Amino acid sequence: MHSIAIISVGGTIDKIYFDAKSAYEVGPPNIEKVLAELNLSITYRVNSLMRKDSLELTDDDRALIAKAVAEEPCSRILITHGTDTMVDTAQALRNITGKTIVLTGALEPALFKTSDAVFNIGCAVGAVQVLPPGIYIAMNGRIFTEGKVRKNLALNKFEEFGDNP
Ligand code: GLU
Numbered sequence: 122m123h124s125i126a127i128i129s130v131g132g133t134i135d136k137i138y139f140d141a142k143s144a145y146e147v148g149p150p151n152i153e154k155v156l157a158e159l160n161l162s163i164t165y166r167v168n169s170l171m172r173k174d175s176l177e178l179t180d181d182d183r184a185l186i187a188k189a190v191a192e193e194p195c196s197r198i199l200i201t202h203g204t205d206t207m208v209d210t211a212q213a214l215r216n217i218t219g220k221t222i223v224l225t226g227a228l229e230p231a232l233f234k235t236s237d238a239v240f241n242i243g244c245a246v247g248a249v250q251v252l253p254p255g256i257y258i259a260m261n262g263r264i265f266t267e268g269k270v271r272k273n274l275a276l277n278k279f280e281e282f283g284d285n286p
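Okay, structure coming up:
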């Protein structure tokens, strides 16, 4: 059994830009490249489930993601995902128990030098190994719990909300 199962569904983290008009496509999971360059002591397997900007994810897509997570034999699961609807997918996983699920992504493609992808992946890899079962989002240097996190579009960052932000 691997230490971590990784499921990629797309988002900016995997985007490849082609020209000055900013045409892009969502490419293969960049987390594979990022992790391959590090001398890691963990084992992992990457399942490239879909390649979509998260604004294009449908309820059916979220049902597919939930099915993949539910059927995954590994109990520690990292999902790379677009940030715009990451909270919605986290919510769609609510009924899955007994697994530690951490979603992360990046506000710039992992292929960009200034991208937050490597940092976010590092946070998520650490978090998924130590957190108790539950659903979490690792973004902006914090680990958020599902149901208490939203993306602040004006600030372009994730923030906690609820009783004790
Ligand atoms: N529309 C993009 C998405 O959510 C936003 C950027 C990103 O991936 O973080 O897929």
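Mapping the sequence shown onto the working numbering, position 85 (from 1) lands on 206, and the numbers just tick up by one. We put the CB at the ideal spot given by N, CA and C, even for glycine. These numbers come from a predicted model, not from an experiment.
_Spatial distance of R183 from I256 (CA atoms)_ = Here residue 183 refers to the residue found at position 62 of the sequence shown. Here residue 256 refers to the residue found at position 135 of the sequence shown. If you draw a straight line from the Cα of R183 to the Cα of I256, it comes to about 15 Å.
*Between the CA atoms of I152 and G243 - distance to the nearest angstrom*: Position 122 of the sequence shown, counted from the first residue, corresponds to residue 243. Position 31 of the sequence shown, counted from the first residue, corresponds to residue 152. Taking the straight line joining both Cα atoms gives about 10 Å.
_Cross-strand partners of M260 (DSSP beta bridge)_ = Working through the sequence shown from its first residue, we reach residue 260 at position 139. Checking the DSSP bridge columns, you'll see M260 partnered with R263.
_Let me make sure I understand the geometry here. Which of T179, L199, N216 and P149 has the alpha-carbon closest to that of Q250?_
Looking up residue 250 in the sequence shown gives position 129. Of T179, L199, N216 and P149, the smallest CA-CA separation from Q250 is found for L199.
*Can you give the Cα-Cα distance for N241 and L232, rounded to whole angstroms?*
Taking the sequence shown and counting its residues from 1, the one referred to as residue 241 is at position 120. Taking the sequence shown and counting its residues from 1, the one referred to as residue 232 is at position 111. Approximately 14 Å, taken between the alpha carbons.
*L228: beta carbon under 7 Å from a heavy atom of ligand 1?*
Counting from 1 along the sequence shown, the entry for residue 228 is found at position 107. For ligand 1, at least one heavy atom lies less than 7 Å from the Cβ of L228.
*If you drop the 5 nearest sequence neighbours on each side, which residues of the same chain put their C-beta closer than 6 Å to that of G136?*
Against the sequence shown, residue 136 aligns to sequence position 15. The question names Gly, yet the displayed sequence has Lys at residue 136. So the list reads Y145, V147 and P230, once near-sequence residues are dropped.
*From the DSSP output, in three-state form, read off T201 for me.*
Counting from one through the sequence shown, the residue named residue 201 turns up at place 80. Three-state result, T201: strand.
*asked:* Taking its Cβ as the centre, do 16 or more other Cβ atoms sit within 10 Å of M122, making it buried, or is it exposed?
replied: Taking the first residue of the sequence shown as 1, we reach residue 122 at position 1. With fewer than 16 other Cβ atoms within 10 Å, it is exposed.
*Compare the C-alpha of G262 against each of V130, T204 and D237 and name the closest.*
Working through the sequence shown from its first residue, we reach residue 262 at position 141. Nearest of V130, T204 and D237 to G262, Cα basis: D237.
*Taking Cβ positions, are S129 and S169 nearer each other than 8 Å?*
Sequence index remark: in the sequence shown, residue 129 carries index 8 (1-based). Sequence index remark: in the sequence shown, residue 169 carries index 48 (1-based). Yes, the Cβ-Cβ distance between S129 and S169 is below 8 Å.
*Shortest alpha-carbon distance to L185 belongs to which of S143, A213 and C195?*
Residue mapping note: residue 185 aligns to position 64 of the sequence shown, counting from 1. When each option's Cα is compared against that of L185, the closest is A213.
*Which residues bound the alpha helix (DSSP H) around I186?*
The residue given as residue 186 occupies position 65 in the sequence shown. For I186, the uninterrupted alpha helix (DSSP H) run begins and ends at D180 to E192, by DSSP.
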